[in-house]
Amino acid sequence: MAGIPDRAYNTACGRLATALGVSLAAARRRVDIKAAQAGLRDTAAKLALAEELLAEAQANSAGTQALLTSLLEAVSSEENFMTED
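Adding 10 to a residue's 1-based position in the sequence shown gives its number in the numbering used here.
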């Protein structure tokens, strides 16, 4: 399937890809699948959907970042543990 030659749509999909940590094609595919499920066919509606998915991804990433940070912190009993000498 050929990409939509709309720069704003591609930019929105690119920002979504960055937020999700996936490729541009995967983000565009995700938007296309959601648009097909909702029955959206025009580019403006797909652009709005991509922006909505981006907002959801950014809202979810705040909690994920805090969880990852807490998981990566060393426990005080293991702070000085070394795996190799």
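Just so you know, even glycine gets a beta-carbon here, dropped at the ideal spot from N, CA and C.
When DSSP labels each residue in this structure, what does S33 get in the three-state scheme?
coil
Can you tell which of A55, E88 and Q75 has its C-alpha closest to the C-alpha of G144?
Residue 144 falls outside the range modelled here, since the chain spans only 11 to 95, and no answer is possible.
Once you ignore the five residues that flank A67 on each side, which residues in its own chain have a CB closer than 7 Å to its CB?
L26, A29 and L30
Which residues bound the alpha helix (DSSP H) around N70?
T53 to L82
Buried or exposed by the 16-neighbour rule on C-beta atoms within 10 Å, applied to V85:
exposed
Per-residue burial, R40 [other beta carbons within 10 Å of its own, 16 or more giving buried]:
buried
Among residues of its own chain, excluding the 5 on either side of R38, which ones have a beta-carbon nearer than 6 Å to its beta-carbon?
C23
How about K56 and Y19: do their beta carbons lie closer than 8 Å?
yes
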